[in-house]
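So our numbering is basically just the index in the sequence shown, starting at one, shifted up by 23.
All C-beta atoms, glycine included, are put in the ideal place defined by N, C-alpha and C.
This structure is a prediction, so every number in the text was calculated from the model and none was measured.
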Amino acid sequence: MEEHREILLVEDDEDQVMLAMRAMRKHGIVDEVDRVVVAGDGEEALDYLFGRGQYDGRDTSVTPEFVLLDVDLPSITGLKVLEKLRADKRTELLPIILFSASNRRGDVVEGYKLGANSYVTKPTNFDDFSAAMSHLGWYWLNWNESP
Numbered sequence: 024m025e026e027h028r029e030i031l032l033v034e035d036d037e038d039q040v041m042l043a044m045r046a047m048r049k050h051g052i053v054d055e056v057d058r059v060v061v062a063g064d065g066e067e068a069l070d071y072l073f074g075r076g077q078y079d080g081r082d083t084s085v086t087p088e089f090v091l092l093d094v095d096l097p098s099i100t101g102l103k104v105l106e107k108l109r110a111d112k113r114t115e116l117l118p119i120i121l122f123s124a125s126n127r128r129g130d131v132v133e134g135y136k137l138g139a140n141s142y143v144t145k146p147t148n149f150d151d152f153s154a155a156m157s158h159l160g161w162y163w164l165n166w167n168e169s170p
């Protein structure tokens with residue numbers, strides 16, 4: 024059976040999505056996966072991962088290589104999404120990187136307590152943002168061993 028590789032990007036800011044996609048293309052990250060799935064909020068991310076709502080019937084045995092999860096999301100925060108993912112056997116070991124403009128100490132600590140694999144503050148200029156995306160992508164796709 025052929026391996027299917029994807030990344031789940033959970034981000035509500037369309038400009039941030041565009042920057043992330045541009046950086047992943049620039050550094051060849053998108054060439055390493057079959058697709059990058061973008062969820063515009065936490066509820067959509069949960070629907071995607073659990074195959075419900077608009078993703079009803081999706082093959083949930085196909086899980087992302089990793090999830091880039093913004094902390095500050097509308098309706099349900101990234102930390103709440105993380106908590107729900109860690110509480111479910113299907114996603115408890117899924118690599119989740121909190122990737123946020125916020126570097127609030129409380130968010131960082133809470134993220135790790137809830138089981139984040141990493142917490143990265145989004146750089147504010149494109150070159151640094153692009154480099155961060157490159158390092159994250161290559162690490163989680165090529166060097167990390169996931170369960």
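For this session: Look at the alpha carbon of Thr83 and the alpha carbon of Gly74, and state the distance between them as a whole number of angstroms.
Result: 6 Å
For this session: Measure how close the beta-carbons of Val143 and Ile119 come, nearest whole angstrom, since I'm counting them as under 8 Å.
Result: Contact flag wrong, Cβ pair sits at about 11 Å.
For this session: In the DSSP assignment, find the unbroken beta strand (DSSP E) run with Arg58 in it and report its ends.
Result: Arg58 to Ala62
For this session: Could you tell me which uninterrupted alpha helix (DSSP H) segments, each at least 4 residues in length, are contained entirely in the region 109 to 146, listed from first to last along the chain?
Result: Taking only runs of at least 4 residues, the alpha helix (DSSP H) segments lying wholly in the region 109 to 146 are 128 to 136.
For this session: Would you kindly check if the distance between the Cβ of His50 and the Cβ of Ser157 is under 8 Å?
Result: yes
Problem set entry | Residues sharing a beta bridge with Ile30, DSSP | Ile30 is bridged to Val59 and Phe89.
Exercise. Once you ignore the five residues that flank Glu34 on each side, which residues in its own chain have a CB closer than 6 Å to its CB?
Worked result: Val40 and Asp93
Problem set entry | Residues of its chain near Ala62, where Cβ-Cβ distance is below 6 Å and the 5 sequence neighbours each way are ignored | Cβ within range, chain order: Val33, Ala68 and Tyr71.
Exercise. When we look at the beta-carbon of Asp64 and count the other beta-carbons within 10 Å, is it buried (16 or more) or exposed?
Worked result: buried
Exercise. Span of the alpha helix (DSSP H) holding Ser153?
Worked result: Phe149 to Trp161
Exercise. Ordered along the chain, which non-local residues of its own chain (more than five positions away) have a Cβ less than 6 Å from that of Asn126?
Worked result: Thr144
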